[in-house]
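Numbering (full-length UniProt numbering), first residue to last: 1 to 177.
Positions of the beta carbon are idealized from the N, C-alpha and C atoms, including for glycine.
Being a predicted model, the structure only gives us computed values, none of them experimental.
Everything below concerns the one structure shown next.
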Amino acid sequence: MEQLNRLRLECAKNQKRGLPFILASVIIWLGIACIFLSPLPPLTKNLLTFICTGFLLPLSLFISRLIRVDFQNKTNPLSKLGIIFSMNQLPYLLIAMWIYPTIPAKMIMVIAIIFGAHLMPFSWLYHSKVYLGLSIVIPIFALLVGLNFSPAILAITMIGVEIIFVGLLILENRASL
Numbered sequence: 001m002e003q004l005n006r007l008r009l010e011c012a013k014n015q016k017r018g019l020p021f022i023l024a025s026v027i028i029w030l031g032i033a034c035i036f037l038s039p040l041p042p043l044t045k046n047l048l049t050f051i052c053t054g055f056l057l058p059l060s061l062f063i064s065r066l067i068r069v070d071f072q073n074k075t076n077p078l079s080k081l082g083i084i085f086s087m088n089q090l091p092y093l094l095i096a097m098w099i100y101p102t103i104p105a106k107m108i109m110v111i112a113i114i115f116g117a118h119l120m121p122f123s124w125l126y127h128s129k130v131y132l133g134l135s136i137v138i139p140i141f142a143l144l145v146g147l148n149f150s151p152a153i154l155a156i157t158m159i160g161v162e163i164i165f166v167g168l169l170i171l172e173n174r175a176s177l
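As structure tokens, then:
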């Protein structure tokens, strides 16, 4: 068990608790907000939103190089677990694909809920209270905002949530690594 915890801490340290992905998420949500503030038809906005999410991995890789984070950490077997945790959200994106033409105004809400919920396993991997807390808060927040406000407002508030997430991760990294 001690070796497992050592590997988890090493993963958290070398990958800065996934900070490049969360920084990339700020940019992705900024793009989504711009899309939803545009006069485009709803289905076009949804399609462009899906396209935006496809930039997460390349943006994360680019950001990891800028902030000098070991993106893959090939020496740690738990790094592969992080990939599995990320892939965990793919089946749920089928729900978003169903929502896309069926209830177009709610697709972005579903994507935000899926994004938030998929963070929970990372709380274990990175020994992170920030991931645990936000994996609960983001889906509830996205549901409440998504049901009561326009998709553009949800996208804008998600930018704020992601910026807060980045700040909390930086603080958590400084405090424990």
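With a 10 Å radius around its C-beta and 16 neighbouring C-beta atoms as the bar for buried, classify residue i as buried or exposed.
{"i": "Thr75", "result": "exposed"}
{"i": "Phe149", "result": "exposed"}
{"i": "Leu171", "result": "exposed"}
First and last residue of the alpha helix (DSSP H) that includes residue i?
{"i": "Ile28", "result": "19 to 37"}
{"i": "Thr53", "result": "42 to 53"}
{"i": "Asn5", "result": "2 to 14"}
{"i": "Cys112", "result": "Residue identity check: residue 112 is Ala in the sequence provided, not Cys. Note, Ala112: alpha helix (DSSP H), 107 to 117."}
{"i": "Ser79", "result": "78 to 87"}
{"i": "Phe122", "result": "120 to 125"}
My output table needs one value for residue i: the three-state DSSP class, helix, strand or coil.
{"i": "Tyr131", "result": "helix"}
{"i": "Arg68", "result": "coil"}
{"i": "Tyr100", "result": "helix"}
{"i": "Phe141", "result": "helix"}
{"i": "Thr157", "result": "helix"}
{"i": "Pro58", "result": "helix"}
{"i": "Ser150", "result": "coil"}
Quick one, are the C-beta atoms of residue i and residue j less than 8 Å apart?
{"i": "Phe21", "j": "Leu56", "result": "yes"}
{"i": "Pro77", "j": "Leu7", "result": "yes"}
{"i": "Leu81", "j": "Phe71", "result": "no"}
{"i": "Ala152", "j": "Phe50", "result": "no"}
{"i": "Leu43", "j": "Pro91", "result": "no"}
{"i": "Gly160", "j": "Ala142", "result": "no"}
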